[in-house]
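**Q** Residues in the sequence shown are numbered from 233 upward in steps of one, following this note's numbering.
Even glycine gets a Cβ: it sits at the ideal position worked out from N, Cα and C.
Please see the structure below; I have some questions.
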Amino acid sequence: MKKKLILGFVAAVSLTLGACSSNEKNDNQSEQTAWEEIQESGILKVATSGTLYPSSFHEKDTDKLTGYEVEIIREVADRLELEIAFTEMGVDGMLTSVNSGAIDVAAMGIDRDGEDADKYNYTIPYKYSYGAMVVRKSDNSGINTLEDLKGKKAAGAATTSYMKVARHFEAEEVIYDNATNDQYLSDVANGRTDVILNDYYSQKLAVAALPEIPVKVHDIFYNPSETNYSMKKGNDELTKKINAILEGMISDGTLSDLSKEFYAGEDVTQQIDYDFPEIDLKE
């Protein structure tokens, strides 16, 4: 009887180990298949906004999709010997599409402090910046400190770290889905909203590109940030390959050149020294 029990226990352990081994094998196969499917199709599917200057927008005269994030990922695909297929959508749609496998890469500055950030793979950073805010020129939208955000109408996408800053200071959230720069800025100017919390460099250029709208970038800054491309959690092979290309683009100066082209001579690929508050966004 004892011998039978021991044999039964060994068989159960063997089955358990076999199941674990099988699951690990399936996980690895799934990861490899994701990259192999891209190679087989020859196409890298990328989501981008198409509405946010200078990271992703359409040229006025030609309507060509371009921008800092767009041209980086175009070069990445080229060096991987892949064609690229862009789909334009808002940040929330990107996250859903990444998880469903409808797209391979989300290219819209989904930073690691955003909501549900731990559900995705990230590349190394291609941009360093910090938080700023756009307000009305006439009265700074009544904002002189970060604490003055309380009760103000803050415009943005629901799941970004910038909206978490607004929430932290008890601002009223006004949610937009992939709106254009002129819509965001005009709504601040006309009082529909009071403030846009976002990346300093992008806001600086957006305001400069639309001088007829009476808004400005406030001199209140916060939280340094890193911007990365994101992919489905576990798609490690694709992440490694894109990282290797990005590292090469840093080494050969391509990334810096693209930054200066789209950010009026600024090199956003370099980490910055800063002396402003860091707001803890951990819930």
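Using a Cβ cut-off of 8 Å (strictly closer), state whether Asp-310 contacts chain C.
**A** Here there is only one protein chain, and chain C is not present.
**Q** Give me the residue from Gly-423, Tyr-394, Val-337 and Arg-368 with the minimum Cα distance to Asn-353.
**A** Position 121 of the sequence shown, counted from the first residue, corresponds to residue 353. Residue Val-337 is the option with its Cα nearest to Asn-353.
**Q** Can you name the residues that DSSP bridges to Val-449?
**A** Taking the first residue of the sequence shown as position 1, residue 449 is located at position 217. The partner list for Val-449 (beta bridge, DSSP) reads Val-366.
**Q** Are Tyr-300 and Ser-491 closer than 8 Å when you measure CB to CB?
**A** Mapped onto the sequence shown, residue 300 falls at position 68. Mapped onto the sequence shown, residue 491 falls at position 259. Contact flag set, yes.
**Q** Determine whether the beta carbon atoms of Asn-455 and Ala-438 lie at a separation below 8 Å.
**A** To locate residue 455, count along the sequence shown from 1; it is residue 223. To locate residue 438, count along the sequence shown from 1; it is residue 206. No. Outside cutoff.
**Q** Under 8 Å by Cβ, that's how I've got Thr-392 and Asn-475 pegged, so tell me the actual separation to the nearest angstrom.
**A** The residue you call residue 392 lines up with position 160 of the sequence shown. The residue you call residue 475 lines up with position 243 of the sequence shown. Thr-392 to Asn-475, Cβ: 23 Å. No contact.
**Q** Could you say if the stretch 363 to 379 and the stretch 450 to 465 meet the contact criterion of at least three C-beta pairs nearer than 8 Å?
**A** Verdict: yes, contact present.
**Q** Tell me which same chain residues have a C-beta within less than 6 Å of the C-beta of Trp-267, skipping the five on either side of it?
**A** For the purposes of this step, residue 267 is taken as the residue at position 35 of the sequence shown. Excluding positions up to five away in sequence, the list reads Glu-469 and Leu-470.
**Q** DSSP state of Asp-484, grouped into three classes?
**A** By one-based count along the sequence shown, residue 484 stands at place 252. Asp-484 falls in the coil class under three-state DSSP.
**Q** Among Ile-445, Thr-280 and Ser-373, which has the Cα closest to the Cα of Ser-226?
**A** Since the first residue of the chain shown is 233 and the last is 515, residue 226 is not available in this structure.
**Q** Which stretch, first to last residue, makes up the beta strand (DSSP E) that contains Tyr-354?
**A** If you number the sequence shown from 1, residue 354 lands on position 122. Start and end: 352 to 354.
**Q** Quick one, which of Thr-486, Asp-512, Lys-436 and Lys-464 has its alpha-carbon nearest Ala-496's?
**A** In the sequence shown, residue 496 corresponds to position 264, counting from 1. When each option's Cα is compared against that of Ala-496, the closest is Lys-436.
**Q** Anyone know if the C-beta pair for Tyr-394 and Asn-372 falls short of 8 Å?
**A** Residue numbering aside, residue 394 sits at position 162 when the sequence shown is read from its first letter. Residue numbering aside, residue 372 sits at position 140 when the sequence shown is read from its first letter. The answer is no: Cβ separation not under 8 Å.
**Q** Do Val-406 and Lys-382 have their C-beta atoms closer together than 8 Å?
**A** Here residue 406 is taken as the residue at index 174 of the sequence shown, counted from 1. Here residue 382 is taken as the residue at index 150 of the sequence shown, counted from 1. Their beta carbons are not under 8 Å apart, which means Val-406 does not touch Lys-382 by this criterion.
**Q** Tell me which same chain residues have a C-beta within less than 7 Å of the C-beta of Ile-511, skipping the five on either side of it?
**A** The sequence position of residue 511 within the sequence shown is 279, counting from 1. Only Val-397, His-400, Tyr-454 and Asn-455 meet the Cβ criterion.
**Q** I'd like to check one pair, Asp-419 with Ala-389: are the Cβ atoms closer than 8 Å?
**A** Locating residue 389 in the sequence shown gives position 157, where the first residue counts as 1. Locating residue 419 in the sequence shown gives position 187, where the first residue counts as 1. No, they are not a contact pair.
**Q** Between the beta-carbon of Ser-434 and the beta-carbon of Ser-288, is there less than 8 Å?
**A** The residue labelled residue 434 in the question sits at position 202 within the sequence shown. The residue labelled residue 288 in the question sits at position 56 within the sequence shown. Their beta carbons are not under 8 Å apart, which means Ser-434 does not touch Ser-288 by this criterion.
**Q** On the criterion of 16 or more Cβ atoms from any shown chain inside 10 Å, does Ser-262 qualify as buried, or is it exposed?
**A** Locating residue 262 in the sequence shown gives position 30, counting from the first residue. Unreliable placement is indicated for Ser-262, whose pLDDT of 47 sits below 50; no coordinate value is reported for it.
**Q** Which whole-angstrom value is the C-beta distance of Ile-477 and Val-302, which I expect to be below 8 Å?
**A** Taking the first residue of the sequence shown as 1, we reach residue 477 at position 245. Taking the first residue of the sequence shown as 1, we reach residue 302 at position 70. Not quite, the Cβ-Cβ distance comes to about 15 Å (not below 8 Å), so this is no contact.
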